[in-house]
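Numbering (my numbering), first residue to last: 303 to 469.
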């Protein structure tokens, strides 16, 4: 399995990475955001939403209490936050299948709470705090379809971190 490690020295660069991911997302894509509390998962989800064309006047907030926030852009985006769940059994009463397996792109915070219900075909993006604003991103494709698409994703994201926004 291949992966790419990206370093973002600033919020500007993280926004650029999020917008780049938005350009690459296709209907049905699942992006699982892994990282500790405060790593910037919701911040990145906001950059992705705005990159999909959600107006910047629309605040992108964590759906910790609503579970799912949906946004309309170039393609629909389902922003899912599983922080308050203790495990996969808690999903039984929540309407998550359409958001994860539908035509929207899905961004999932705290995906480990899904256990074996997490789709095999997904993008795993680990976020590590490297400083006040700096972050390290580790992107790993999962599933044959994403393995085949990974060269395009890797090239686009490398181009972004080597550009002016990330220097």
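For each residue, glycine too, the CB sits at the ideal point set by N, CA and C.
Bridge partners - residue i, DSSP secondary structure assignment
i	result
residue 372	380
For residue i, three-class secondary structure by DSSP
i	result
residue 453	helix
residue 347	helix
residue 393	helix
residue 437	strand
residue 308	strand
residue 366	coil
Spatial distance of residue i from residue j (CA atoms)
i	j	result
residue 434	residue 336	18 Å
residue 306	residue 391	32 Å
residue 388	residue 415	6 Å
residue 427	residue 417	16 Å
residue 320	residue 353	7 Å
residue 348	residue 358	9 Å
CB-CB length for residue i against residue j, believed under 8 Å
i	j	result
residue 318	residue 462	5 Å
Contact check, residue i vs residue j, beta carbons under 8 Å
i	j	result
residue 316	residue 437	yes
residue 383	residue 412	yes
residue 376	residue 355	yes
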